[in-house]
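Here's the structure, in structure tokens; my notes come after.
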Amino acid sequence: MAAVTVAATMARVIPAIQPHRPPGVAALMPKRGMIMACIAPVKSAMTTACIAPVKLAMTTVCMSAVNRVTTMVCMLVASLAMTKSPDNR
Numbered sequence: 004m005a006a007v008t009v010a011a012t013m014a015r016v017i018p019a020i021q022p023h024r025p026p027g028v029a030a031l032m033p034k035r036g037m038i039m040a041c042i043a044p045v046k047s048a049m050t051t052a053c054i055a056p057v058k059l060a061m062t063t064v065c066m067s068a069v070n071r072v073t074t075m076v077c078m079l080v081a082s083l084a085m086t087k088s089p090d091n092r
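As numbered in the numbering used here, the sequence shown has no gaps in its residue numbers, which increase by one up to the final residue, 92.
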């Protein structure tokens with residue numbers, strides 16, 4: 004605990020050392036907006052590339068189950084309709 008107190012006190016007393024940058028270096032550093040303009044399309048493309056296969060797989064699984072159930076129900080209804088028709092007494 005004492006070490007933490009000493010470190011906190013020293014941090015307040017000793018000023019933070021800023022890295023020395025020669026003049027003109029700041030002008031060469033890219034601006035935040037420029038960085039975001041480059042990152043946003045890449046991030047969007049990567050997100051799409053990762054999500055698309057998962058979305059496709061989930062849709063395929065869900066639709067497959069729905070199609071199976073729908074087919075079974077339609078066949079059952081058709082079968083009942085044929086057995087209950089007036090021609091089949």
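Idealized CB from N, CA, C, for every residue including glycine.
At 3 residues or longer, and completely inside the stretch 38 to 74: list those beta strand (DSSP E) runs for me, N to C.
As for any beta strand (DSSP E) of minimum length 3 sitting wholly inside the stretch 38 to 74, there is none.
Work out the CA separation of Thr-73 and Leu-79 for me, nearest whole Å.
For the purposes of this step, residue 79 is taken as residue 76 along the sequence shown, with counting starting at 1. For the purposes of this step, residue 73 is taken as residue 70 along the sequence shown, with counting starting at 1. In this structure, the straight-line span from the alpha carbon of Leu-79 to that of Thr-73 is close to 10 Å.
Counting only the same chain and skipping the five closest in sequence on each side, list residues whose C-beta sits under 6 Å from that of Ala-84.
For the purposes of this step, residue 84 is identified with residue 81 of the sequence shown, where counting begins at 1. Closer than 6 Å at the Cβ level, and outside the excluded window around Ala-84, lies no residue.
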